[in-house]
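Right, one structure below, let's go through it.
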């Protein structure tokens, strides 16, 4: 776009007013981690609106430790910024924080997932139910009737992981609609621990004779694909997100499909939504959805994640 | 992007120089026709660079009549524009035109397909071989070993349709790599005529007992899906392009996958490539590829074609 905002620029230059944003997102341990991608989009947006006096303060929490979310949220309340970007991963802790923000009338935008109990001015997410539904369709398309399908959540606290529960819902909804094919769906939950995952999967194979397809509800799909690589015949495998380990296994034909949600674009759009509402004083759209991209070994090379 | 070009703007305003572009693309009979989409992208780009003195003259040819290409190309030569956008659909006629442009040193950009015998300053296309390869993978993923697969070209002059031949090549290449599964591939060619298509398909079913999957190499996939809709059991069906008739059948579960190439974005990018090279005097990248998007009933709603 050649879109720019001379009037806003003029008035913010004249007033020298500084607008303070804060972001609260999961800590990305390295550049390949999923959460470095939304951060890239946020940084790009901030670099473009910096000239309007916008300054961003970044806060990070550890996904496996919701207490870190609460601690960083406290720091943000002290800072009292003009607007906040939040990835509301831990549901309970996020709702506590947003209730406090609602009371103080500090606007916030959600990225990655939405909580319908909260009141963000806007959210940008993938439709998680629909993406689970799509995963089910891709599995159903590729397997014979009466197959065994494994749905696996790799997470420590499923009940606090709204997004994964929504993906599961979509997945099960799909098979409700085609129940005449009578696949068998086996559901397991296991924390992010290679040995435990391996044990659970081994037991699962012993109990069910064969597993024809696997749906991993998050980016940990590389662990499952790695496990099945020891056998001659692997099930169809579908998971999420273009992190390096997943891409490697996709390109080596160990994973069939990765669903992706353009996380860079999410961070970019979310930041601009906050800017539009707070600095430009425009009412922004509440619900914003990213695409649900189907990535295979064959179209990966030409895929642009922005 | 917040990108703009104040220096170029200043100098083009001062000089009042007009830069003339021409486009030569297939005639789109209505807004739903595939070729109205690249046109949208071209129009959007032109509206943004109009302020730099760029004026576009549009010329259209009829895809089923290559003589119209030659006739319109002649009008462009008379106009002698500063740069040209060409969809080089009819290979022979396109090469004759571009040889003339090379002699006159008039730069041109190809959209939709590339001809390796020509010398465009740039082209923006989908990698057609790779998209055929992807179609084959999606079919192979969904069918049992020893299946009958139909590859169908719906066109009047296949030997002049470089893009369709490339898609076929990619498709056959894929099955070379998995030949141990020994599917049988049946190839047919038929002009764009509903009765002839129906006759050919009927004969094909009679001769081969069953057709398990069909790959239609262009946007005419709706005709094939319509034909198979009369039977209880339809083959897996894959084709190209989000035109309205195809979308309708996709959403009614009569087509499994549509491969899409963001034609709006192609037109937009192509125009900007011409602008960057001719007005901004920047050397642009010669090869530009669009994504190969996999669209299903389930992710269509959230797909953005720009």
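Protein chains in written order, with our numbering: chain Y, 11 to 316; chain H, 11 to 316.
Heads up, the beta-carbon is just placed ideally off N, CA and C, and yes, glycines get one too.
Given the structure is predicted, the values throughout are model-derived calculations rather than measurements.
Helix, strand or coil at residue 250 of chain Y according to DSSP, with G and I counted as helix: Reduced to three states, the DSSP call for residue 250 of chain Y is strand.
6 Å CB neighbourhood of residue 311 of chain H in its chain, flanking five on each side removed: So the list is empty, once near-sequence residues are dropped.
Classification of residue 239 of chain H by the beta-carbon crowding that lies within 10 angstroms, buried from 16 upward: Counting the other Cβ atoms within 10 Å of the Cβ of residue 239 of chain H gives fewer than 16, which makes it exposed.
Option in Y:228, Y:130 and Y:194 with minimal Cα separation from residue 141 of chain Y: Ranking Y:228, Y:130 and Y:194 by Cα distance to residue 141 of chain Y puts Y:228 first.
Three-state class that DSSP yields for residue 1 of chain Y in the structure shown: Outside the shown range of chain Y, which is 11 to 316, sits residue 1 of chain Y, and nothing can be said about it.
The region 70 to 83 of chain H touching the region 285 to 300 of chain H, judged by at least three CB pairs closer than 8 Å: In the pairwise beta carbon analysis, the region 70 to 83 of chain H is classified as not touching the region 285 to 300 of chain H: fewer than three pairs are separated by under 8 Å.
Contacts around residue 54 of chain H, its chain only, beta-carbon distance under 6 Å, and the 5 residues preceding and following it disregarded: Same-chain partners within the cutoff: 278.
Beta-bridge pairing of residue 268 of chain H - partner residues as DSSP gives them: Within the DSSP secondary-structure output, residue 268 of chain H pairs in a beta bridge with H:249 and H:305.
Separation of residue 187 of chain H from residue 262 of chain Y, as counted between CA atoms: C-alpha separation (whole angstroms): 14 Å.
Proximal chain Y residues relative to residue 144 of chain H, where beta-carbon distance stays under 8 Å: Neighbours of residue 144 of chain H on chain Y, chain order: 306, 308 and 309.
DSSP beta-bridge partners of residue 30 of chain Y: DSSP, once it has assigned bridges, lists Y:65 as partnering residue 30 of chain Y.
Alpha-carbon to alpha-carbon, residue 58 of chain H and residue 13 of chain Y: Note that residue 13 of chain Y scores a pLDDT of 45, beneath 50, so its modelled location is shaky and nothing firm can be said.
C-alpha gap between residue 120 of chain Y and residue 159 of chain H, whole angstroms: Whole-angstrom Cα-Cα distance: 46 Å.
Span separating the alpha-carbon of residue 183 of chain Y from that of residue 290 of chain H: So the two alpha carbons sit approximately 53 Å from each other.
Chain-ordered chain Y contacts of residue 313 of chain H [CB-CB under 7 Å]: Near residue 313 of chain H (Cβ distances below 7 Å), the residues of chain Y are 301.
Contacts around residue 143 of chain Y, its chain only, beta-carbon distance under 8 Å, and the 5 residues preceding and following it disregarded: Only 180, 181, 183 and 184 meet the Cβ criterion.
From H:167, H:223, H:218 and H:225, residue whose alpha carbon lies closest to that of residue 200 of chain H: Considering only alpha carbons, the answer is H:167.
Min CB distance residue 62 of chain Y to chain H below 8 Å: Contacts with chain H at 8 Å (Cβ-Cβ) do not include residue 62 of chain Y.
Residue 313 of chain Y vs residue 305 of chain Y beta-carbon contact at 8 Å: In this structure, residue 305 of chain Y lies closer than 8 Å to residue 313 of chain Y by Cβ.
Chain Y contact residues for residue 137 of chain H, given Cβ-Cβ distances below 9 Å: What residue 137 of chain H touches in chain Y: 311 and 312.
Nearest-angstrom Cα separation, counted from residue 248 of chain Y out to residue 224 of chain Y: Their backbone Cα atoms lie some 6 Å apart in a straight line.
Completely contained beta strand (DSSP E) runs for the region 198 to 259 of chain Y, where each covers 3 or more residues: Fully enclosed beta strand (DSSP E) runs of no fewer than 3 residues occupy 223 to 226 and 246 to 250 of the region 198 to 259 of chain Y, in order along the chain.
Sequence-distant residues of its chain with Cβ nearer than 6 Å to residue 308 of chain Y (five each side left out): Closer than 6 Å at the Cβ level, and outside the excluded window around residue 308 of chain Y, lies no residue.
Residue 170 of chain Y, DSSP secondary structure in three states: In the three-state scheme derived from DSSP, where H, G and I count as helix and E and B as strand, residue 170 of chain Y is classed as helix.
Backbone CA spacing between residue 131 of chain H and residue 115 of chain H [nearest angstrom]: When rounded, the distance between both Cα atoms is 11 Å.
Proximity of residue 125 of chain H and residue 172 of chain H at Cβ, strictly below 8 Å: Less than 8 Å separates the beta-carbon of residue 125 of chain H from that of residue 172 of chain H.
Contact list for residue 152 of chain H against chain Y, beta-carbon separation under 8 Å: For a Cβ distance threshold of 8 Å, residue set 151 and 152 of chain Y lies close to residue 152 of chain H, ordered along the chain.
Nearest to residue 34 of chain Y (by Cα), restricted to the options Y:104, Y:170 and Y:206: In this structure, Y:104 is the residue among Y:104, Y:170 and Y:206 with its C-alpha nearest to the C-alpha of residue 34 of chain Y.
Cβ-Cβ distance between residue 155 of chain Y and residue 192 of chain Y below 8 Å: In contact: residue 155 of chain Y and residue 192 of chain Y (Cβ atoms closer than 8 Å).
Under 8 Å between C-beta atoms of residue 273 of chain Y and residue 48 of chain Y: For residue 273 of chain Y and residue 48 of chain Y, yes; Cβs fall inside 8 Å.
Nearest-angstrom Cα separation, counted from residue 256 of chain H out to residue 270 of chain H: The alpha-carbon separation between residue 270 of chain H and residue 256 of chain H amounts to approximately 11 Å.
Nearest-angstrom Cβ-Cβ length linking residue 128 of chain Y and residue 98 of chain Y, presumed shorter than 8 Å: Going by Cβ atoms, the distance from residue 128 of chain Y to residue 98 of chain Y rounds to 7 Å, so yes, they are a contact pair.
Chain-ordered neighbours of residue 147 of chain H on chain Y, where CB pairs are closer than 8 Å: 306, 307 and 308, listed in chain order.
Simplified DSSP assignment, three categories, for residue 294 of chain Y: Looking at residue 294 of chain Y - three-state DSSP - the assignment turns out to be coil, as it is neither helix nor strand.
Closer than 8 Å to chain H by CB, residue 266 of chain Y: For residue 266 of chain Y, the nearest beta carbon of chain H is closer than 8 Å to its own beta carbon.
N- and C-terminal bounds of the beta strand (DSSP E) containing residue 138 of chain H: Run containing residue 138 of chain H: none in the beta strand (DSSP E); it sits in the alpha helix (DSSP H), 138 to 152.
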